[in-house]
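Mapping to our numbering: the sequence shown position 182 is 182, numbers consecutive.
Glycine included, C-beta positions come from ideal geometry on N, C-alpha and C.
Nothing here was measured: the structure is a model prediction, and the numbers come from that model.
Report on one structure; see the data block that follows.
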Amino acid sequence: MPKPGIYYSDYLAVDELTNMQQLESTKHNLDAPDEHLFIIIHQAYELWFKQLLFDLDRMMTLAKQEQFDDADVLKAVGLVDRMNTIDDLLVQQVDVLDTMTPLDFMDFRNLLVPASGFQSWQFRLFETRLGLKHHSTGFMAALEPRHKKVLEEAQNAPTLFDLLNKWLGRTPFLQKDGFDFWQHYRKAVETMVKEEEQLVLSNPHLTEDEKQLEAAKVRETGQSFEVLFDENQHQKLQEAGAWRLDYNALKAALFIMLYRDEPLLNAPFKLMDGLIQLDQTMNLWRQRHMQMAQRMIGQKISTGGMSGGSQAYLAKTIQTGLAFKDFAALSTFLLPRKNLPPLPENIRKTLGFNY
């Protein structure tokens, strides 16, 4: 007798899944049908957080190898693209929750005390493993010991940011076969600053005072490049929290951004660009979630017992919750393609596909 095939509902545990919506309002004989939607939405969030963590773990396994080769970098790019798509979906789910009015929420809100979205340990874990530094650990007090332990372990383990920082620090093309990229890049910066200053000084629509003011701003921008040429200055800024990337990693990341069109550097560029986008999409979700919470409860004490609770956390991380802000900040140091130092032929061949 042939073995029966897998049944859809059994494979996905649909019966168990669809019986996990235990309404507190039903237990208290209250009529609050929108609690069903509230539970479904948040259960869906937690499932997506689980997928984000699963894919992030896969990505970190690739990045922690001694050789993070181009094939694995491409796999990582695909994973980041998926994370961004999931984050887009998380934002859209808030629109569904917004179909519940504040009065509908009030029908069952007090039954949820002291549970709160502030206790979403999976989302905190995702932030932590990416590399977000939680300077305030107040949210830990809201967690059960088993979840607190997971987060504490993650806070003491290497993050994706740490792994990429080490990987970028191994980039070999900055000084190779007698070619010192930074010497040529510095000259290109000086040329660009002079050209921009001359454009300002020759602008017929500016007064003399305006010309001098704008020219001074151009020179000030030029001075900001010194962090790339002075390791001691970079170290001071890193200690002050202005930069997180190590000196060599910072320069390697910029090199990749400047020469992104070279075949071997295209995937690393897409990886960094995807992580910049991930920071942005996560912030968009935080912002949208905070707006929804403000609409639902205004300035009321959260169900977790804190004034503003998760709203305050979300508001703070919108300002500080960028694990890969260094990648985004590198735009300051980009040069027009016409000003880029040409790479020696031997390095271009190394960075290209040759048949």
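| query | result |
| --- | --- |
| Residue nearest to LEU53 in terms of C-alpha spacing, selected from VAL80, LEU168, LYS75, GLU231 | VAL80 |
| Proximity to GLN122 [Cα-Cα], best of ALA44, GLY169, THR171, LEU322 | ALA44 |
| Cβ shell of LEU111 (< 7 Å), same chain only, five flanking positions each side left out | GLU24, SER25, HIS28 |
| Inter-residue CB distance, VAL218 and GLU197 (contact presumed, cutoff 8 Å) | 5 Å |
| Assigned exposure category for ARG124 - 16 Cβ within 10 Å defines buried | buried |
| Pairwise C-alpha distance: LYS133 and TRP182 | 31 Å |
| Simplified DSSP state of GLN65, which is helix, strand or coil | coil |
| ALA63 beta carbon less than 8 Å from that of LEU130 | no |
| Contact set for TRP48: own chain, Cβ-Cβ below 8 Å, skip 5 residues either direction | ILE86, LEU89, LEU90 |
| Inter-residue Cα distance where the pair is PHE38 and HIS289 | 13 Å |
| Any 3 or more C-beta pairs closer than 8 Å across the stretch 333–351 and the stretch 141–157 | no |
| Beta-carbon gap between ALA76 and LEU351 smaller than 8 Å | no |
| For THR191, the nearest candidate out of ALA216, ALA215, GLY222 (CA to CA) | GLY222 |
| Local conformation of GLN198 per DSSP, three classes | helix |
| 8 Å contact criterion, which LEU103 and ILE41 should meet: CB distance rounded | In fact, because the Cβ distance is near 18 Å, the residues do not count as touching under 8 Å. |
| Residues near PRO342 by beta carbon distance below 8 Å, same chain, minus five either side | none |
| Contact set for PRO268: own chain, Cβ-Cβ below 7 Å, skip 5 residues either direction | VAL73, ILE256 |
| 8 Å contact criterion, which ASP55 and MET83 should meet: CB distance rounded | 6 Å |
| Assumed close pair ASP34, PHE139 - CB separation to whole angstroms, cut-off 8 Å | Actually they are not in contact, since the Cβ atoms of ASP34 and PHE139 sit about 27 Å apart, beyond 8 Å. |
| TYR247 - containing alpha helix (DSSP H), residue span | 247–258 |
| Residue of GLY169, ARG170, SER120 minimising C-alpha distance to VAL150 | SER120 |
| Minimum Cβ-Cβ distance from VAL14 to chain D less than 8 Å | Here chain D cannot be found, since the structure has a single protein chain. |
| C-beta atoms of GLU262 and TYR247 nearer than 8 Å | no |
| Uninterrupted beta strand (DSSP E) stretches inside the stretch 58–126 (no shorter than 3 residues) | none |
| DSSP three-state assignment for PHE225, whether helix, strand or coil | coil |
| 6 Å CB neighbourhood of LEU264 in its chain, flanking five on each side removed | LEU351 |
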